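These protein sequence lines map, in sequence, to chains A, B and C. Heads up, the working numbering is the position in the first sequence plus 3, with the first residue counted as 1. Heads up, the working numbering is the position in the second sequence plus 1, with the first residue counted as 1. Heads up, the working numbering is the position in the third sequence plus 440, with the first residue counted as 1. Built from N, CA and C at the ideal position, the CB exists for glycine as well. No experiment lies behind these values; they were computed from the predicted model shown. First the structure, in the form of structure tokens, and then the observations on it.
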Amino acid sequence: MSKISDNFLDIGYMDDLAGKDSWLHRLDPRAKLITVIIFIVAVVSFDKYTLSGLIPFFIFPVALVALSGLPAGYLFKKVLLVLPFAVLVAIFNPLMDQKVIFHIGSLGISGGWVSFLSIILRFILTVSVALILICLTGFNAVCLALSKLGLPKPFVVQLLFFFRYLFVLTDEAARMSRAWALRALGAKAIDFKTFVSLIGHLLLRAIDRAERIYLAMRSRGFDGRIRMIRAMKINSREFIFGIGWSVFFVLLRFFNIPVKLGALVTGRFS
Amino acid sequence: MSHHIVEAIGLHYTYPDGTRGLNGVSFRISHGESVALVGENGAGKSTLLLHLNGYLAATQGQVRIGDFTLNPKTLNSVRRTVGMVFQNPDDQLFMPTVFDDVAFGPLNLGLGKEEVERKVAQSLETVGAGHLSKRPPYKLSQGEKRSVAIATVLAMSPDILVMDEPSSSLDPLSRSRLIALLKTFKHTKIIATHDLDMAMDICERTIVLHQGQITADGATTEIFGDQNILARSRLEKPLRMQGCPKCGNTSLHPPSKREHK
Amino acid sequence: MHMADALISPAVGATMWAATAGLIAYSAKKVKEETDDRKVPLMGVLGAFIFASQMLNFSIPATGSSGHLGGGMILAILLGPYAAFLVMASVLIVQALFFADGGLLALGCNIFNLGFFPCFAAFPFIYKKIAGVDPAPKKIMAGAIIGGIVALQLGAFSVVLQTVFSGISELPFRTFVLLMQPIHLAIGIVEGLVTAAVVIFVWKARPEILEASRQSEPIGPININKVLLGLLAAAVIAGGALSWFASANPDGLEWSMFKTSGKEELEGGGGVHASAAVIQEKTAFLPDYGFKKSQSAIEPEESVSQSWPAIDPGTSVSGLVGGSLTLAIVFLIGLALKRRKIAVP
Chain A
4 MSKISDNFLD IGYMDDLAGK DSWLHRLDPR AKLITVIIFI VAVVSFDKYT
54 LSGLIPFFIF PVALVALSGL PAGYLFKKVL LVLPFAVLVA IFNPLMDQKV
104 IFHIGSLGIS GGWVSFLSII LRFILTVSVA LILICLTGFN AVCLALSKLG
154 LPKPFVVQLL FFFRYLFVLT DEAARMSRAW ALRALGAKAI DFKTFVSLIG
204 HLLLRAIDRA ERIYLAMRSR GFDGRIRMIR AMKINSREFI FGIGWSVFFV
254 LLRFFNIPVK LGALVTGRFS
Chain B
2 MSHHIVEAIG LHYTYPDGTR GLNGVSFRIS HGESVALVGE NGAGKSTLLL
52 HLNGYLAATQ GQVRIGDFTL NPKTLNSVRR TVGMVFQNPD DQLFMPTVFD
102 DVAFGPLNLG LGKEEVERKV AQSLETVGAG HLSKRPPYKL SQGEKRSVAI
152 ATVLAMSPDI LVMDEPSSSL DPLSRSRLIA LLKTFKHTKI IATHDLDMAM
202 DICERTIVLH QGQITADGAT TEIFGDQNIL ARSRLEKPLR MQGCPKCGNT
252 SLHPPSKREH K
Chain C
441 MHMADALISP AVGATMWAAT AGLIAYSAKK VKEETDDRKV PLMGVLGAFI
491 FASQMLNFSI PATGSSGHLG GGMILAILLG PYAAFLVMAS VLIVQALFFA
541 DGGLLALGCN IFNLGFFPCF AAFPFIYKKI AGVDPAPKKI MAGAIIGGIV
591 ALQLGAFSVV LQTVFSGISE LPFRTFVLLM QPIHLAIGIV EGLVTAAVVI
641 FVWKARPEIL EASRQSEPIG PININKVLLG LLAAAVIAGG ALSWFASANP
691 DGLEWSMFKT SGKEELEGGG GVHASAAVIQ EKTAFLPDYG FKKSQSAIEP
741 EESVSQSWPA IDPGTSVSGL VGGSLTLAIV FLIGLALKRR KIAVP
């Protein structure tokens with residue numbers, strides 16, 4: 004969570020990416036959301052020693068990035084940035100599970116290393132696809148898709164408000180932080196007393212702001228219900244996208260293409 | 002038509018913590034008038050504005066908007082009649098996109114989908130922000146935000162526009178565009194501001210508030226010409242009345258882009 | 441303390457999603473019933489506040505590390521548990537989507553761990569009891585610190601359970617618990633301290649804010665009982681689902697059995713074996729759950745190839761070769777698509 008200040012600018016950038024136009028951007032958010040969920044379930048449902056079976060799944064993020072023109076390098080960097088977290092937890096596997104399960108030449112590979120790599124692969128797959136979803140769809144559209152799929156309204160409304168004021172409040176916090184740094188003369192972190200006062204003021208201002216927003220809402224006829232016009236349409240395009248990919252994921256889940264392919268190749272050459 | 006009339010009769014307001022907000026304010030603004038509300042910080046301008054759409058209820062005295070005396074029963078009708086533009090557009094633009102924001106009010110009025118879409122398009126067109134419809138509010142410039150905030154209010158088709166510091170934090174070009182826009186509106190307008198040059202451009206009448214009381218109420222040029230009134234309210238003469246060579250002298254004239262502040 | 445997608449099994453992920461979805465639905469209903477319109481913008485803005493406040497860190501003296509404001513407890517104090525839970529969920533959703541903190545499958549776990557315990561355990565049973573009726577600095581301090589410790593301990597323990605039940609990580613239960621709980625004791629104290637200090641700040645500056653949130657707070661014993669009852673039901677269903685999943689699919693490996701062979705008898709044998717293993721695991725104490733090494737150590741060698749057919753030596757070489765080939769193909773396809781895209785914009 005402490006990465007927030009470094010990462011924050013990204014939210015704006017990712018939102019910009021979502022504002023671009025491609026047929027993948029234009030696809031109904033529900034279709035994208037559901038397909039991504041099926042993808043993630045398929046990926047994580049493999050057993051912990053799967054490596055080869057996971058690899059074909061890379062086609063999905065790769066195809067999405069290639070077809071939509073999202074910046075691949077940027078997404079890759081973003082995934083790398085959070086990778087250490089997965090490594091940190093997965094690193095225990097090689098330590099705990101040292102049973103050699105197969106050999107490459109004379110080198111014995113333990114189950115722990117296999118499951119370690121498997122965790123890393125899963126992590127890269129699921130994280131990159133979730134990031135791509137946001138960059139292709141935008142947060143607000145994902146929220147509205149969730150709303151159409153049955154997420155309770157008060158929760159969706161709260162998500163929308165939250166995202167709207169994220170930008171305003173982080174800006175405020177950043178200004179405070181800057182103002183502090185200017186007078187802190189090289190201190191690295193804020194001392195506790197100052198911190199409480201900064202946060203306290205930020206909080207009071209936030210509460211005041213909420214009050215003013217409420218006032219603005221009331222003066223435009225707010226009666227406790229938020230109404231929105233939202234045209235969402237599932238067309239053949241959405242169907243083909245959703246069903247096509249999902250069937251593909253299920254196939255990949257059941258048939259290990261790399262193993263088959265490898266058998267074919269090694270069968271010929273050995 | 003009497004429903005464009007705004008009338009305050011002996012308004013008193015005391016905040017819950019005991020601070021005096023208004024101290025016996027009375028005025029009558031008739032159909033189509035544009036009135037500037039000026040005064041030092043804390044003079045009671047915002048407090049007064051909040052009474053006009055019933056957000057604050059006077060501890061004593063009453064507000065009349067058109068045919069209605071403001072009370073809990075007439076609140077909704079009054080809020081349809083009085084459109085309020087807040088000082089900070091970030092407080093007013095709270096929906097995911099500009100379209101949703103402008104549609105918020107009309108949808109609450111119970112209008113149908115087509116009607117709402119028409120109103121949104123029309124209001125955005127009026128303020129010259131039609132192209133912003135799909136953008137999220139946090140991506141707009143300060144001037145664009147202000148325009149959209151005004152559009153959200155116009156979409157409610159109010160008869161009376163109430164604005165709190167509409168020209169604050171605008172760059173000079175956005176400011177003069179805003180002034181030109183406001184001059185085209187036929188609504189009854191009440192504008193609280195420190196920007197006396199803008200007040201001169203838009204408002205023929207000015208009310209001066211000082212410590213919760215009206216200390217002057219009259220023609221804008223007369224009031225701004227009276228050094229005593231201005232000094233008491235910590236105001237300065239508009240630049241163009243200070244004999245500024247670029248702005249000319251006391252004459253009222255349309256805003257020019259070279260106007261300086 | 442974020443759980444990650446990579447560490448949890450679909451069964452655990454789905455169970456926690458179900459529990460979290462239930463809590464969100466219930467909280468949303470409650471918030472709606474409270475009919476306090478003011479909360480509509482307030483919730484969103486406070487969520488943004490929690491998010492923004494985490495940009496600011498303070499130094500923890502003599503440790504060289506730094507801390508920031510945790511979310512759940514202060515939200516519960518300002519908004520009441522139901523609204524606070526919803527806000528906490530949104531903060532975590534944004535973190536998961538934009539910063540890849542955790543991930544989508546693990547989101548259920550994370551919302552539960554970081555939202556449920558502060559909002560529905562620490563706040564009503566500890567903070568409210570100590571500082572609820574008549575707040576004063578000392579009471580706020582005590583309530584927030586004890587509440588913070590309890591919430592973090594429960595949350596950390598929940599992370600351990602979710603990880604162990606998932607069986608993806610090899611970390612054994614004991615080690616994990618011994619690692620997690622003490623760390624989170626420290627974090628809990630710090631978080632409680634910050635929460636208390638900020639609440640006291642607000643209480644001194646604008647006491648009416650705490651007053652108002654306290655009044656609009658109808659949480660009573662009946663409501664919390666309902667929540668607990670619902671959770672119990674969720675746990676029972678989840679347990680059922682888990683063991684079903686597990687017995688049908690001991691290591692999530694049923695599929696790979698398909699793949700490796702047309703040996704029907706192996707599949708049948710695997711099923712029985714698997715059920716037995718599940719029973720064994722169920723009756724044994726938790727440490728052994730998901731600790732596959734001990735299981736395979738006890739059992740004869742051939743069972744290894746049964747429960748791990750995916751890395752059967754015969755297929756592993758072709759897996760390696762085929763895997764690299766597939767990867768190459770995938771990226772070639774990507775390049776081709778990209779090229780085509782540029783050619784035909």
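Close partners of L509/C in chain A (Cβ separation under 8 Å): I202.
By the Cβ criterion, the region 542-559 of chain C is in contact with the region 582-599 of chain C, since at least three pairs of Cβ atoms, one from each stretch, lie closer than 8 Å.
By DSSP's assignment, L110/A forms a beta bridge with I107/A.
Note that the C-beta distance between L128/A and F60/A is below 7 Å. Going by beta carbons, R167/A and F95/B fall inside the 7 Å limit.
Contact annotation for D477/C against chain A: Y217, M220, R221, F225, D226 and G227 [CB-CB distance below 9 Å, chain order]. CA-CA distance, D194/A to S530/C, rounds to 29 Å.
Every beta strand (DSSP E) of 3 residues or more that sits fully in the region 60-106 of chain B is shown, in chain order, as 61-66 and 83-86. Note: E237/B is not bridge-paired with any residue in the DSSP secondary-structure output.
For L255/A, same chain residues with a beta-carbon under 8 Å away, outside a window of 5 residues either side, are A45, G56, P59 and F60 in chain order. In the DSSP assignment, L38/B falls within the beta strand (DSSP E) that extends over S35 to V39. The C-alpha of I137/A is placed about 15 Å away from the C-alpha of V65/A.
The region 10-28 of chain A makes no contact with the region 215-232 of chain A; the number of CB pairs closer than 8 Å stays below 3. With fewer than 16 other Cβ atoms from the protein chains shown falling within 10 Å of its own Cβ, T185/B counts as exposed.
Here the region 199-216 of chain A lies against the region 635-650 of chain C, with 3 or more beta-carbon pairs under 8 Å apart.
Within the same chain, and ignoring the five residues on either side of G583/C in sequence, the residues whose Cβ sits closer than 7 Å to its Cβ are I566, Y567, I570 and A571.
Interface flag for R167/A against chain B is set, since a Cβ pair is found closer than 7 Å. N143/A sits away from S118/A, with the two beta carbons spaced by 7 Å or more.
Neighbourhood of R80/B in chain A, by CB distance below 7 Å: S222 and G224, in chain order. Interface criterion not met: the Cβ of K190/B is under 7 Å from no Cβ in chain A.
Closest by C-alpha distance to F105/B, out of R228/A, K102/A and L83/A, is R228/A. For L163/A, the chain B residues whose Cβ falls inside 8 Å of its Cβ are M96 and P97, in order along the chain. At a cut-off of 7 Å between beta-carbon atoms, V171/A makes contact with chain B. Identification of residues in the region 94-115 of chain A having a C-beta nearer than 9 Å to some C-beta of chain C yields F95, N96, P97, L98, M99, D100, Q101, K102, I104, F105, H106, I107, I112, G114 and G115, given in sequence order. Under DSSP, E8/B forms a beta bridge with R29/B and R65/B. For V250/A, no CB of chain C lies under 7 Å from its own CB, so it is not counted at the interface with that chain.
In the pairwise beta carbon analysis, the region 16-36 of chain B is classified as touching the region 197-216 of chain B: at least three pairs are separated by under 8 Å.
From the beta-carbon of N143/A, the residues of chain B found nearer than 8 Å are P97, T98 and P137. Judged by beta-carbon spacing, T48/B lies beyond the 7 Å limit of L12/B, meaning their Cβ atoms are not closer than that value.
Contact of F557/C with chain A by beta-carbon distance below 7 Å is absent, the smallest such distance being about 16 Å. Excluding residues up to 5 positions away in sequence, I112 lie with their Cβ nearer than 6 Å to the Cβ of F105/A in the same chain.
Pairwise C-beta distances place the region 198-211 of chain B in contact with the region 221-235 of chain B, as three or more of them are shorter than 8 Å.
Around the beta carbon of Q61/B, fewer than 16 other beta carbons lie within 10 angstroms, which makes this residue exposed. In the three-state DSSP reduction, I94/A falls in the coil class, being neither helix nor strand.
Assignment of F186/B by DSSP, reduced to helix, strand and coil, places it in the coil class. Contiguous alpha helix (DSSP H) elements confined to the region 605-656 of chain C occur at 613-645 and 647-655, taking only those with 4 or more residues.
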